[in-house]
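Inspection log for the structure reproduced underneath, given as structure tokens.
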Amino acid sequence: MFDRLRARFTAGSDGPTVGLFVDGPNVLRDEFDVDLDDLRTAAADLGRVGVIRLYLDEHATPGLIQAAEARGFEVIVTSGDVDVKLAVDATALVGEGAIDRLAIASRDTDFKPVLEHAGRTGVETIAIAPGSYGRSDALRNAADEAVTLEE
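Mapping to UniProt numbering: the sequence shown position 104 is 104, numbers consecutive.
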């Protein structure tokens, strides 16, 4: 049933389907001044956005959650390690074949294995850095493409 729905939504779509996964605690820091709209734009520049998720820890403010949801993000709040939840979800989505491009916004090298796995399965990978100061060379080198948000 889901395959039929997916086919209906992707029929005639322009470009590849993008899944954007944002590591909130590592990207939405004062020193980077990242705007959620900039992240949406970065994802839209890569293709048709199919999944756009912001991962936050239990310390996230209600205002941030509300702002993210208002901009179309699916907000995932976890009491455990944000990195683990994001990595598991991204890997599962790649395994389902639901996306053509996987974009991870982070500066954390913990996501290198996720990008490598996605690449091995034929999914194009993009590492999005919150700024040149927050860029991870390991993520950038593991990805097919690297994007640095303007500071």
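Glycine is no exception: its CB is placed at the ideal position from the N, C-alpha and C atoms.
Under DSSP, V49 forms a beta bridge with V18. Within the DSSP bridge table, the entry for L56 names V77 as partners.
The DSSP-derived three-state label of L102 is strand. Per DSSP, V147 is not a residue of any alpha helix (DSSP H); the beta strand (DSSP E) it occupies stretches across 145 to 148. The criterion of a C-beta distance shorter than 8 Å is not satisfied by G15 and R53. The beta-carbon separation of L56 and P25, rounded to 7 Å, stays under the 8 Å limit for a contact.
Here I128 has A42, A103, A105, V147 as same chain residues with Cβ atoms under 6 Å from its own Cβ, once five neighbours each way along the sequence are excluded. With a cutoff of 8 Å on beta-carbon distance, R71 and R107 are scored as not near each other. Looking at the backbone, the Cα of V123 and that of V94 are separated by about 7 Å. DSSP places D37 in the helix class (H, G or I) of the three-state scheme.
Taking the C-beta atoms as reference points, G50 is found no nearer than 8 Å to V22. Here D23 carries a strand assignment [DSSP, helix/strand/coil].
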